[in-house]
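Structure record follows, encoded as structure tokens.
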Amino acid sequence: MDALIEILQNEAPHLLLKREKKERRTGLPELANAVKGKVVLRFAPNPNGPLSFGHARGLVINSTYAKQWDGELILRFDDTDTTVKPPLPSAYKQIPQEAEWLIGFKPHRIVFASERIAHYYEHAVLMLNRGFGYVCQCSGEAFKVFRESKTECPCRNNSVEINIELWNKMNDGTFVPGDAVVRVKTDMELKNPALRDWPALRMQDTEKHPHPREGIGSKYKVWPLLDFQSAVEDYLQGVTHIIRGKDLMDSTRKQTLLYQHFGWKYPETMYWGRVKVHEWGGFSTSQMRRDIEAGLFEGWNDPRLPTLSALKERGITASALRHFWVELGVTQKDISVPLSSLYSHNTKVIDATAPRISFVKNPVKISLQGDCPDNISIATHPNDKSMGQRVFNLNDNSVYISAEDANQTDTRLKDFCNISIDGSIAQITSTERIDKRSIIHWVGSNCEDAELVMVEDGKLVSTQGKLENHDYPIGTAVQMERIGYGIIVAKNKIVFTHN
RNA sequence: GCUCGUAUAGUGUAGUGGCCCAUCAUGAAGGAUUCUCAUUCCUUCGACCCGGAUUCAAAUUCCGGUACGAGCACCA
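Residue numbers 322 to 820, in my numbering, belong to the letters of the first sequence in order.
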């Protein structure tokens, strides 16, 4: 045995080391090559609309890592498209606010791509001068043939002088959109067709489609495309880690080729897969924008929409969203998640502080016979007596209960009394709880009419009812007894969150 | 068509050769507490895509299928 140990000691000492018990990893996976205080991450949406549920993933994951590594988070507006998915002016203000609400701190830097065009031009010219980029006058159709047949396009071998001359023609208005693009020279023999001499800058008709930002407007005719703009900006900002959807994997490969030309080191990258929500299916910011403009929805915060503002309005907390996305992690698997998982996180966040409130749907008034007190006090929260009492007024000896509860004869008004119902009259049979009859919620007859708004199968459903008198401020998350959680959006209007 | 990626319970997720007849959460079912169909607590259910190979040992490595997703835009 000793001899054996000696042999192992010499040959393979690692086998003698005691293995540590594996522990379940919690939270996000380890960030590769991260140095405390030196991590720079970014979240780069197109401001063609406010943030949606999907954007929240990018924000939550990147901000969580930034916090964990004591690093920085950049919020970057990738607003370089004025034609296909043009920026929405209001989004520039709304996005930073929504981001701060969600992640709990202000992004350390905010960058507008549209204000950094000079930097992109500088690098474009550098690229042309060094000969790893060229101005291509082929049409998209024509180049597609070259790309598929691995053939070099004739523009590829233009001299630097010609390229600069063509570049100037792009900028001075000699060329019009469609006449020319700047391409990065990679290799037409590359296995992956997506990487072959990819386009870096193109022209846009900014007279017809001016950029909505003040001072930008029609100032530029040539605009960088995502892969180029993002690559240069990531370098200029010192981004160390890029975490984004795996649909941008080829983008990483394209950008890595550009980085090699420039002699830069590409950041560490991580990807997540596609997410679908059972209840929502597919949606896009552009489509939502069209639908809102067409009047199909009330606005970006319409409770039917999967935008951050709508979720917030409906009572989903930032904390629940953070837990939800962190729990899904950073896997490259395409997933389809049910909303119940988000709701379960939200319940954990709000239940302890949500005051209980009584909302009676389809109310019917019944008068009470027997010994009826003037009022009844019920705890605001069953598990937290410090939240005080709710007082139900019984001055005229009548209450509202829900029509569906009025069908049964023997039941119990919660925290009040047993009753025996006969039509619109109920006999009080006992104030003590003496049997296991069902318990129903109710309100006093002095309560006002109220509306409960729910989203069911993508449609708004409004239910009328009687709401317990209250003085909670707008925005309070409450729990309607026997119904579910909701948000008070007006004195007499509640939007249902979930149950 | 070419290229890239992913495949663990209903849904997510942990797991990088032995600790795994597989973790945690959610879900479902049952129960306890509770004057809410809420909260809290307990119990139970349920999975390594298929086929080969390597190895004493594979969820984990390799090869081949299959399925799903993405890129090949003068969108981001």
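In this text, a Cβ means the ideal position worked out from N, Cα and C, and glycines have one as well.
Asked                                                                                                   : Found
Three-way DSSP call (helix, strand, coil) for I485 in this model                                        : helix
Contacting residues, own chain, Cβ-Cβ under 6 Å from A515 (five flanking each side not counted)         : D571
Exposure of Q576, with buried meaning 16 or more beta-carbon neighbours within 10 Å                     : buried
DSSP three-state assignment for G379, whether helix, strand or coil                                     : helix
Cβ-based burial, D743 [other Cβ within 10 Å; buried from 16]                                            : exposed
Range of the contiguous alpha helix (DSSP H) that encloses H562                                         : Taken as a continuous stretch (DSSP letters only), H562 belongs to no alpha helix (DSSP H), being part of the beta strand (DSSP E) at 562–566.
Cβ contact (3+ pairs, closer than 8 Å) linking the region 398–417 and the region 349–360                : no
DSSP state of V466 mapped onto helix, strand, coil                                                      : helix
7 Å Cβ shell around N331 - same chain, five flanking residues per side excluded                         : Bear in mind that the predicted position of N331 carries a pLDDT of just 48, short of 50, making it unreliable; the figure below should be weighed with that in mind. Answer for N331: no residue qualifies.
Exposure label - R517; buried when at least 16 CB within 10 Å                                           : buried
Of the listed residues V553, S384, G602, nearest to K586 (C-alpha basis)                                : V553
Reduced DSSP category for E332 - H, G, I as helix; E, B as strand; rest coil                            : Unreliable positioning characterises E332 in this predicted model, as indicated by a pLDDT of 47, which lies under 50. The coordinate reading is nonetheless provided below. Three-state result, E332: helix.
CB of G602 within 8 Å of CB of I808, strictly                                                           : no
DSSP state of A501 mapped onto helix, strand, coil                                                      : coil
L396 to R437 span [Cα, whole Å]                                                                         : 14 Å
Residue ranges of each beta strand (DSSP E) within the region 407–452, 3 or longer                      : 430–433
Nearest candidate by alpha-carbon position, reference N369, set N767, H532, A439, A747                  : H532
Per-residue DSSP class, three states only, for N667                                                     : helix
Rounded straight-line distance, which links the Cα of H702 to that of D695                              : 22 Å
Reduced DSSP secondary structure (H/G/I, E/B, other) of E589                                            : strand
For A811, three-class secondary structure by DSSP                                                       : strand
Reduced DSSP secondary structure (H/G/I, E/B, other) of G461                                            : helix
Collapsed DSSP secondary structure at W763 in the structure displayed                                   : coil
CB contact flag (I687, F713, <8 Å)                                                                      : no
Residue of G616, L660, D391, N718 minimising C-alpha distance to A747                                   : N718
Under 8 Å between C-beta atoms of L423 and V381                                                         : yes
Buried versus exposed, by CB contacts within 10 Å (16 or more), I761                                    : buried
Whole runs of the beta strand (DSSP E) within the region 499–534, excluding any shorter than 3 residues : 502–505, 520–524
Proximity below 8 Å, CB of W390 to CB of A355                                                           : yes
Inter-stretch contact at 8 Å, needing at least 3 Cβ pairs: the region 665–672 / the region 798–808      : yes
K683 in three-state terms, based on DSSP                                                                : For clarity, residue 683 is Asn in the given sequence; the question names Lys instead. Correct three-state label for N683: coil.
Straight-line Cα distance separating V685 from K814                                                     : 19 Å
Backbone CA spacing between V651 and V816 [nearest angstrom]                                            : 32 Å
Alpha-carbon spacing of M708 relative to R677, whole angstroms                                          : 10 Å
With 16 other Cβ atoms within 10 Å as the buried cut-off, status of E393                                : buried
Start-to-end residues for the alpha helix (DSSP H) that takes in R643                                   : 639–649
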